[in-house]
Structure formats: C-alpha cells, structure tokens
Amino acid sequence: MNRLIMMGIVLGGGTVAFDHLVRELPHWLAVVLFSAAVILILAGMIVSRRAGV
123 MNRLIMMGIV LGGGTVAFDH LVRELPHWLA VVLFSAAVIL ILAGMIVSRR
173 AGV
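Per this note's numbering, the sequence shown starts with residue 123, numbered consecutively.
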C-alpha cells in the first residue's frame, strides 16, 4: 500500500474518530481534514497505478 493512501486513511479515520469522541472540532475543519484525506487517498491510487504496483 502506498504511503499516501496510508496517510489518507489515518487522517480520515482520525478526523472522524476525534470528531465523534470530542465533538468540539469545528465542522469546517472536519470538512477540510476529511477532504484532504480523500485527496491523499486518490493521489496514492494514481501514483500506484502509474508505478504499476
């Protein structure tokens, strides 16, 4: 698995878990962090596909 994909999964999961447990994360920040996680996952998939992995 590509590092970008792993970072995206950790960032997305951490954002969801932190927002669910603490509930003090502003909604705009949660959206920004989750969007960054999705972008990292997609970038990792593109890099992996181009590398032929």
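We put the beta carbon where it would ideally sit given N, CA and C, even for glycine.
Source: prediction; values computed, not measured.
- Inclusion of Asn124 and Val160 in the CB contact set at 7 Å is not warranted, their separation being larger than that value.
- Met128 sits in a helix when the DSSP states are folded into three classes.
- Assignment of Met167 by DSSP, reduced to helix, strand and coil, places it in the helix class.
- Going by beta carbons, Gly166 and Ile127 fall inside the 7 Å limit.
- Between Gly130 and Leu162, the C-beta gap is smaller than 7 Å, which places the two residues in contact.
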